[in-house]
Amino acid sequence: MTEHRTGARPAASAGTPGPGLRAHAPEVSAARARAFGSWYYAEHVLRVMNSYRWTILASSVGTPVMYLFAMGVGLASLVDSSGAGTFGGVSYLAFLAPALLASAALMAATNEFTYPVMDGFKWRRVYYGPHASPLGTHQIVNGHILAVTLRLAVMSVIYFAIVALFGASPSPWGWAAVPVAVLSGLAFGVPLMAYAASLTEDKGQFALVMRFIATPLFLFSGTFFPLDTLPLLLRWIGWISPLWHGTELGRALTYGHAIPPGLAAVHLLFLIALTVLGWRLAQRTFARRLGA
Amino acid sequence: MPPDLTAEPVIAARALTKHYGEFAAVDGISFEVPAGEAFGLLGPNGAGKSTTMKMIGGVSQRTSGELSIMGLDPERHGPEVRAHLGVVPQQDNLDEELRVRDNLLVYGRYFGLPMSYLKPKADELLEFAQLTEKAGAKVDSLSGGMKRRLTIARSLINEPKILLLDEPTTGLDPQARHILWDRLFRLKESGVTLILTTHYMDEAEQLCDRLVVVDKGRIMAEGSPATLIREHSTREVLELRFGSERNTTVAADLEGIGERLETLPDRVLIYASDGEAALEQVTARGLHPITSLVRRSSLEDVFLRLTGRSLVD
Chain A
34 MTEHRTGARP AASAGTPGPG LRAHAPEVSA ARARAFGSWY YAEHVLRVMN
84 SYRWTILASS VGTPVMYLFA MGVGLASLVD SSGAGTFGGV SYLAFLAPAL
134 LASAALMAAT NEFTYPVMDG FKWRRVYYGP HASPLGTHQI VNGHILAVTL
184 RLAVMSVIYF AIVALFGASP SPWGWAAVPV AVLSGLAFGV PLMAYAASLT
234 EDKGQFALVM RFIATPLFLF SGTFFPLDTL PLLLRWIGWI SPLWHGTELG
284 RALTYGHAIP PGLAAVHLLF LIALTVLGWR LAQRTFARRL GA
Chain B
10 MPPDLTAEPV IAARALTKHY GEFAAVDGIS FEVPAGEAFG LLGPNGAGKS
60 TTMKMIGGVS QRTSGELSIM GLDPERHGPE VRAHLGVVPQ QDNLDEELRV
110 RDNLLVYGRY FGLPMSYLKP KADELLEFAQ LTEKAGAKVD SLSGGMKRRL
160 TIARSLINEP KILLLDEPTT GLDPQARHIL WDRLFRLKES GVTLILTTHY
210 MDEAEQLCDR LVVVDKGRIM AEGSPATLIR EHSTREVLEL RFGSERNTTV
260 AADLEGIGER LETLPDRVLI YASDGEAALE QVTARGLHPI TSLVRRSSLE
310 DVFLRLTGRS LVD
């Protein structure tokens, strides 16, 4: 009989080995980590998120209901009475909904990719645990992004369901606004993750990011009014904003907002490009900081 | 389990060097560790111990030299090397947002271990770390000693045959240290190779079969605690205090007593095979110290001899 490489192992090393309780061989650990390591780290982050799942769920339901009522119903009754046609022939609520959907994903991504990333390096140093395990630094980045993507997907699905209940997504393709919203969140959040990973000290940079980047993007990305109503001088804010690109795509999907196919491709590629750029930068920064 | 000296060493370093810019944190050190040995790196803060540990742990790249863990180069086979190891870092990095037991589970998943193994294993390790009652508690409610034990339990989740411990008891009170030493003893008895850094000589004497004294990135001496003391110090030490003003002036009058004299700011050390006899010679010269103490030589004395400095400053 030949001995199996992965089978036999000497007595378990912990003080009190249980009957029949054996870890698989290190070679198996390494092979599995190489193949699925990103997912293993995502599991960790998801488990942390699970410990505050009620907060996530409550805000996933509460935020859209609040915004849709306040703006889509309250404000809309004024806006709609001022004459149709301003918003491509749809109700203000329908015009607003895809923008709110994308901006909610963007805000959630901002939360998940700022302080938790700095925490991983600086305060509780959570990244250094998996770093000593078979996982690679790139897998820690991937896993973190993967878990946040799932979180964004769950909240966007809930958000969209509520939008649909409000009757604000007349098109049968409306559901496709969900992955677009998630992508918009990542296009802003992942580059922010790379930035957060490069910071060694908290001097209030994230508050500045919120105040001088996230908030202007939220206000000037064609969220509450079409971008072309802004003077040219301010319109560039929308062009560089992942929120505008995501919102325009979302509008095409939820109510058939007419955009040329070429421009739709630009919107999509812009979002993907920002995400990929941020992702590569984050991997490099994580490797540099953890491997020092 | 006695170290198996015939087998290939589990860790072999040759001329291992790590530079940070111009600064050589580790400056060409060489050593081998056979399976089952408790091997220590003893030295003051900044001696290069942690940097060495990071290179062994496959998380920091060396500048030059050779290093192999279980016959593998950690830079080319990072995941394979790290899969063999259990790591207890100098600073705890537990996930404080998770409960005690969950910390073990998520860590085990990094090794691709299935939940059917991890759940009973986590309970077993909590028992081993005397944390069973804390299984469902939040990590931030644990004391420093408990966190340390949880970190050790976590490092054992993959049943490693090599355990790296970077200053495992720094910052713990004496009782917590003794509990921890007891757990490490048991691991050693079960055949786990322990690699340990410390700047506590008592820890090194208690736990290590063999150790290297490290200073400024270099190995100053190597051997078992007893051998090092025998080779680099006398059997006994007489510690005299004359008051901080007089220690240096009195030193000249003490010349010739014992084998060697060491003057520190707060006391004078006389190295002699018989401390009591040395003390009699001191009083015979009409010198009356405020306090005197005869003790056995320790690794602290070895370090002082080798580097001219104290271990803990």
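So the protein sequences, as listed, match chains A and B.
Those letters in the first sequence? Residues 34 to 325, by this note's numbering.
Those letters in the second sequence? Residues 10 to 322, by this note's numbering.
Beta carbons: idealized from backbone N, C-alpha and C, even for Gly.
Predicted, not measured: the structure shown is a model, and the values here were computed from it.
Look at serine 166(A): its C-beta is under 9 Å from a C-beta on chain B.
Around the CB of phenylalanine 120(A), 16 or more other CB atoms lie within 10 Å, so the residue is classed as buried. Here leucine 168(A) carries a coil assignment [DSSP, helix/strand/coil].
With a threshold of 16 other beta carbon atoms within 10 Å, aspartate 191(B) falls short and is exposed. The DSSP-derived three-state label of valine 97(B) is strand. Against chain A, the beta carbon of valine 68(B) has neighbours under 8 Å at His164, Ala165, Leu323, Gly324, listed in chain order. Within the model, the alpha-carbon separation for leucine 50(B) versus leucine 173(B) is close to 11 Å. Per the C-alpha coordinates, the member of Gly226(B), Val277(B), Gly52(B), Val90(B) positioned closest to asparagine 167(B) is Val90(B).
Judged by their CB atoms, alanine 227(A) and alanine 315(A) are nearer to each other than the 9 Å cut-off.
Serine 92(A) does not reach chain B, its nearest Cβ partner there being about 18 Å away, counting only Cβ pairs nearer than 7 Å. The region 146 to 162 of chain B makes no contact with the region 86 to 103 of chain A: fewer than 3 CB pairs, one atom from each, lie closer than 8 Å. Taking a Cβ-Cβ cut-off of 9 Å, the neighbours of glycine 169(A) in chain B comprise Gly87, Pro88, given in sequence order. For the C-beta of leucine 54(A), the chain B residues within less than 8 Å are, from N- to C-terminus, Tyr126, Pro129, Lys130, Glu133. For glutamate 234(A), not one C-beta of chain B is nearer than 9 Å to its own C-beta. Only buried fits asparagine 112(B), as 16 or more other CB atoms lie within 10 angstroms of its CB. Taking C-beta atoms under 8 Å as the contact rule, valine 221(B) and phenylalanine 312(B) fail to qualify, at a distance of about 12 Å. Per DSSP, serine 71(A) is one residue of the alpha helix (DSSP H) stretching across 59 to 83.
For alanine 63(A), the nearest beta carbon of chain B is closer than 9 Å to its own beta carbon. For alanine 281(B), the enclosing beta strand (DSSP E) stretches over residues 277 to 281. Against chain B, the CB of histidine 57(A) has a partner CB under 9 Å away; the residue lies at that interface. For the region 100 to 124 of chain B, residues whose beta-carbon sits nearer than 9 Å to a beta-carbon of chain A comprise Gln100, Asp101, Asn102, Leu103, Asp104, Glu105, Glu106, Leu107, Arg108, Asp111, Asn112, Leu114, Val115, Tyr116, Gly117, Arg118, Tyr119, Phe120, Gly121, Leu122, Pro123.
Using a Cβ distance threshold of 9 Å, serine 233(B) and serine 306(B) do not count as a contacting pair. In the structure shown, valine 150(A) adopts helical secondary structure according to DSSP, grouped into three states.
Of all residues in the region 176 to 197 of chain B, only Arg192, Arg195, Leu196 place a beta-carbon less than 9 Å from a beta-carbon of chain A. The beta carbon of histidine 300(A) sits closer than 6 Å to those of His278, Glu281, Leu282, all from its chain and outside the five residues before and after it, given in chain order. Taking 8 Å as the upper bound on Cβ-Cβ separation, chain A lies near no residue of the region 40 to 54 of chain B.
In terms of beta-carbon proximity, arginine 91(B) lines the interface with chain A, with at least one pair separated by less than 9 Å. Residue-level contact check: valine 259(B) does not touch chain A, since none of the beta carbons of chain A fall below 9 Å from its beta carbon.
Each of Trp72(A), Ala138(A), Val81(A), Glu60(A) was checked against the Cα of valine 94(A), and the nearest Cα belongs to Ala138(A). Contacts between glutamate 76(A) and chain B, judged by CB atoms closer than 7 Å, involve Val115, Arg118 in chain order. If you check the CB distance, histidine 93(B) and proline 59(A) come in under 9 Å. When CB distances to chain B are screened at a threshold of 9 Å, the residues of the region 79 to 108 of chain A falling below it are Arg80, Val81, Ser84, Tyr85, in chain order.
Inter-segment contact for the region 69 to 76 of chain B and the region 136 to 154 of chain B is absent: fewer than three beta-carbon pairs are separated by less than 8 Å. Glutamate 268(B) is a Cβ neighbour of alanine 281(B), given a cutoff of 9 Å. Phenylalanine 146(A) is outside the set of residues whose beta carbon lies under 9 Å from a beta carbon in chain B.
Going by beta carbons, isoleucine 195(A) and tryptophan 312(A) fall outside the 9 Å limit.
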